[in-house]
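A short write-up of the structure that comes next.
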Amino acid sequence: MLDMKKLLYSLGILVFTACTPQPQAIEYGADYCDNCRMTIVDQKHAAELVTTKGRAYKFDAIECMVDYIQQSDKVDFALILVNDFTQSSQLVDAKECQFLISPNIPSPMGGFLSAFHSAEEAKRWQAEKEGKLYNWEELQAYLSQ
Amino acid sequence: MFLLLPKFQARSIELCPTCTLTSLQEAIQIANPGDEIIIQAGLYNESNIIVDKKLKIRGVGMPIFDAQLEGEIMTVTADSVHIEGLEFRNAGRSHIKDLAAVRIQRRDYFTISNNRFINSFFGIYIENGKHGLIEGNVLTGKAINEMSAGNAIHCWYAEDLVIRHNICRHHRDGIYLEFVNNSVISDNLSEHNIRYGLHFMFSNDDSYTCNVFSNNGAGVAVMFSKRIQMLENRFEYNWGRAAYGLLLKEIYDAEIQYNIFQHNTIGILLEGSTRLNYKYNVFKRNGWAVQMSGGCLDNVFTQNNFLTNTLDLVVNSRVNNNTFDGNFWSEYTGYDLDKDGQGDVPHRPVKLYSYVLTQSPESIVLLRSFFIDLLNFSEKVSPVFTPENVLDNQPLIQAII
Numbered sequence: 275m276l277d278m279k280k281l282l283y284s285l286g287i288l289v290f291t292a293c294t295p296q297p298q299a300i301e302y303g304a305d306y307c308d309n310c311r312m313t314i315v316d317q318k319h320a321a322e323l324v325t326t327k328g329r330a331y332k333f334d335a336i337e338c339m340v341d342y343i344q345q346s347d348k349v350d351f352a353l354i355l356v357n358d359f360t361q362s363s364q365l366v367d368a369k370e371c372q373f374l375i376s377p378n379i380p381s382p383m384g385g386f387l388s389a390f391h392s393a394e395e396a397k398r399w400q401a402e403k404e405g406k407l408y409n410w411e412e413l414q415a416y417l418s419q
Numbered sequence: 129m130f131l132l133l134p135k136f137q138a139r140s141i142e143l144c145p146t147c148t149l150t151s152l153q154e155a156i157q158i159a160n161p162g163d164e165i166i167i168q169a170g171l172y173n174e175s176n177i178i179v180d181k182k183l184k185i186r187g188v189g190m191p192i193f194d195a196q197l198e199g200e201i202m203t204v205t206a207d208s209v210h211i212e213g214l215e216f217r218n219a220g221r222s223h224i225k226d227l228a229a230v231r232i233q234r235r236d237y238f239t240i241s242n243n244r245f246i247n248s249f250f251g252i253y254i255e256n257g258k259h260g261l262i263e264g265n266v267l268t269g270k271a272i273n274e275m276s277a278g279n280a281i282h283c284w285y286a287e288d289l290v291i292r293h294n295i296c297r298h299h300r301d302g303i304y305l306e307f308v309n310n311s312v313i314s315d316n317l318s319e320h321n322i323r324y325g326l327h328f329m330f331s332n333d334d335s336y337t338c339n340v341f342s343n344n345g346a347g348v349a350v351m352f353s354k355r356i357q358m359l360e361n362r363f364e365y366n367w368g369r370a371a372y373g374l375l376l377k378e379i380y381d382a383e384i385q386y387n388i389f390q391h392n393t394i395g396i397l398l399e400g401s402t403r404l405n406y407k408y409n410v411f412k413r414n415g416w417a418v419q420m421s422g423g424c425l426d427n428v429f430t431q432n433n434f435l436t437n438t439l440d441l442v443v444n445s446r447v448n449n450n451t452f453d454g455n456f457w458s459e460y461t462g463y464d465l466d467k468d469g470q471g472d473v474p475h476r477p478v479k480l481y482s483y484v485l486t487q488s489p490e491s492i493v494l495l496r497s498f499f500i501d502l503l504n505f506s507e508k509v510s511p512v513f514t515p516e517n518v519l520d521n522q523p524l525i526q527a528i529i
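From first to last, the protein sequence lines stand for chains R and V. Under the numbering used here, the first residue of the first sequence carries the number 275, and numbering increases by one thereafter. Under the numbering used here, the first residue of the second sequence carries the number 129, and numbering increases by one thereafter.
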């Protein structure tokens, strides 16, 4: 009886974790961008989308991910992740980030766009390198022009 | 007395291992603008040389500048600098900065010719420059993977460059252009690079002629540019999952003529590219000759030879107003009864099997099977799945020589 319960419980956990979308690690130098097909090498600017079904789309630059979102007819993205500029290859939630568009910080696809998880870091880099700060919604509005 | 001397009486300053002057930086310091510095053969362990005057720096017998992996070798901060006949070895590398063997920093009218670059991270780096000539250089890197390699010739924000007769090997990208306009890239050989033989973005009004791009890890990828000419180039031996003879992404108003695309996984991949004319090209023995996806309009393919490719054409975009009339397709099985050199029945270049393949790449194992031939044949007889309007109305009976 106890065994059955344990079995059902562990099966339940298994099913639950299988269905929860997880971010997939980006293999730099091997994976390629699902928008522009260039190999992902820049650890400060890569980004990732995970759908509710768990499929991960990887991008070599944040501007590529925004372009992909705007061009695709899917709306059910469970996770929208970007690399924090100050901590390369650490994927963080885009909605919690500040985005800096600065002519002095290039990004792989000419968007000059970088993401910062910490608002102080974002302001510090903006002071040093000039540019304008956006949050995720403002960024999407700006880039859709 | 000095004032009576004509200003443009240029001196010649000589540098050699056994002369009083053995350092190029010293020679530059004592030189006047307009002088010539002649460097005799020998080994000069010098780096971080700043060229801050208009000078002609010329090597005799290929003198070697070895940075021993420390810093850039030459940084040019003046207009009208001429660098010729030198060998640059072992320039420094860094994960944070893009270190180059020779960098032109916001300057114009430069010439970098007939030099050799061995084991650089970035070879020649043009950082904001106009009216420059990069000619006859040989750049051999030691790139192992994309992450730890720089580009052989890297140009960022430039105008009116001529890049010709260079050989670029074993770097990340052979020739990389970003925001480079009104330039001519011709007669270069770019091969065995880890990523792209040629990569340009946001670079308009450029022409690429008579280059060879072969055996590069990802082929050639060009993006977001307008009014491009690509003539008489060869794109060959680019194999792999993400390798393209030529990837054209968001390219507008281009002429792609007289090129050879051979032995590539995909000859040309088109994405979002509009108003391109493809004429007199040869697609030979590629996996796919042409893959078209994602909103490509007004592309005209005519007078091309499609010879023995596994699959000639796949079209993935929903809208199609591209034309494919007047090409030679080795797969064409029609007839020409009125002997006008054109087939009497239109040719449908898209096979149903190529759609199956793009949806599930594993079905490649069925490639030469009878079942697939049957599938393609029945689709040819009455097209149901493949686009109705993708056809060649005047398929040529003979290949164009």
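Every residue gets a Cβ at the ideal spot worked out from N, C-alpha and C, and that includes glycine.
Pair within 8 Å by beta-carbon distance, residue i and residue j
i, j, result
"glycine 303 of chain R", "glutamate 274 of chain V", "yes"
"asparagine 339 of chain V", "serine 314 of chain V", "yes"
"histidine 298 of chain V", "alanine 271 of chain V", "yes"
"phenylalanine 389 of chain V", "asparagine 409 of chain V", "yes"
"asparagine 309 of chain V", "asparagine 344 of chain V", "no"
"tyrosine 372 of chain V", "histidine 391 of chain V", "no"
"isoleucine 201 of chain V", "valine 230 of chain V", "yes"
"phenylalanine 434 of chain V", "tryptophan 457 of chain V", "yes"
"leucine 183 of chain V", "isoleucine 167 of chain V", "no"
"phenylalanine 352 of chain V", "methionine 329 of chain V", "yes"
"alanine 349 of chain V", "leucine 375 of chain V", "yes"
"valine 340 of chain R", "leucine 282 of chain R", "no"
"aspartate 520 of chain V", "phenylalanine 452 of chain V", "yes"
"alanine 286 of chain V", "isoleucine 252 of chain V", "no"
"leucine 214 of chain V", "threonine 239 of chain V", "no"
Within chain V, partners of residue i - CB distance below 8 Å
i, result
"valine 315 of chain R", "Glu274 and Met275"
"cysteine 338 of chain R", "Within chain V, no residue comes near cysteine 338 of chain R; the closest Cβ sits about 11 Å away, beyond 8 Å."
Whole-angstrom distance between residue j and residue i, CA atom to CA atom
i, j, result
"alanine 330 of chain R", "proline 295 of chain R", "9 Å"
"valine 509 of chain V", "proline 489 of chain V", "25 Å"
"serine 284 of chain R", "lysine 327 of chain R", "21 Å"
"valine 188 of chain V", "valine 204 of chain V", "20 Å"
"valine 290 of chain V", "isoleucine 211 of chain V", "15 Å"
"arginine 244 of chain V", "arginine 355 of chain V", "32 Å"
"serine 376 of chain R", "glycine 302 of chain V", "28 Å"
"glutamine 298 of chain R", "cysteine 307 of chain R", "14 Å"
"glutamate 174 of chain V", "proline 191 of chain V", "12 Å"
"lysine 406 of chain R", "serine 248 of chain V", "35 Å"
"glutamine 344 of chain R", "glycine 454 of chain V", "37 Å"
"lysine 369 of chain R", "valine 356 of chain R", "9 Å"
"aspartate 440 of chain V", "alanine 206 of chain V", "51 Å"
"threonine 150 of chain V", "tyrosine 172 of chain V", "8 Å"
"glutamate 395 of chain R", "glutamine 317 of chain R", "18 Å"
"serine 241 of chain V", "histidine 223 of chain V", "28 Å"
"isoleucine 528 of chain V", "asparagine 432 of chain V", "7 Å"
"arginine 403 of chain V", "isoleucine 396 of chain V", "15 Å"
"lysine 407 of chain V", "tyrosine 483 of chain V", "25 Å"
"cysteine 424 of chain V", "aspartate 334 of chain V", "21 Å"
"cysteine 371 of chain R", "glutamine 400 of chain R", "14 Å"
"glutamate 516 of chain V", "alanine 277 of chain V", "46 Å"
"glycine 199 of chain V", "glycine 220 of chain V", "4 Å"
"tyrosine 336 of chain V", "alanine 352 of chain R", "44 Å"
"asparagine 444 of chain V", "glycine 422 of chain V", "7 Å"
"threonine 268 of chain V", "isoleucine 314 of chain R", "24 Å"
"tyrosine 342 of chain R", "arginine 235 of chain V", "37 Å"
"histidine 259 of chain V", "valine 209 of chain V", "12 Å"
Contact set between residue i and chain R, taken where Cβ atoms lie within less than 8 Å
i, result
"alanine 370 of chain V", "Tyr306, Arg311 and Thr313"
"lysine 377 of chain V", "Cys310 and Arg311"
"proline 306 of chain V", "Checking the sequence shown, residue 306 of chain V turns out to be glutamate, not proline. What glutamate 306 of chain V touches in chain R: Gly384."
Beta-carbon neighbours of residue i, restricted to chain R and to distances below 7 Å
i, result
"alanine 346 of chain V", "Thr313"
Interface residues of chain R facing residue i [CB-CB closer than 9 Å]
i, result
"alanine 349 of chain V", "Cys310, Arg311 and Met312"
Can you give me, in chain order, the residues of the stretch 220 to 240 of chain V that have a beta carbon less than 9 Å from any beta carbon in chain R? none
Would you call the stretch 332 to 345 of chain R and the stretch 372 to 388 of chain R in contact, with 3 or more CB pairs under 8 Å? yes
Please list, in chain order, the residues of the stretch 292 to 314 of chain R that have any C-beta partner in chain V closer than 7 Å. Against chain V - using a Cβ distance shorter than 7 Å - the residues of the stretch 292 to 314 of chain R are Tyr302, Gly303, Tyr306, Cys310, Arg311, Met312 and Thr313.
Does the stretch 474 to 487 of chain V touch the stretch 371 to 388 of chain V, meaning 3 or more C-beta pairs lie closer than 8 Å? no
Flag this pair as touching only if the stretch 483 to 501 of chain V and the stretch 460 to 472 of chain V have three or more C-beta atom pairs under 8 Å; answer yes or no. no
For the 8 Å Cβ check, are there 3 or more pairs between the stretch 143 to 158 of chain V and the stretch 398 to 413 of chain R? no
Taking a cut of 8 Å between CB atoms, which residues from the stretch 371 to 400 of chain R lie near chain V? Met383 and Gly384
Taking only beta carbons into account, state which residues of the stretch 309 to 341 of chain V come closer than 7 Å to chain R, listed in chain order. Arg323, Met329 and Phe330
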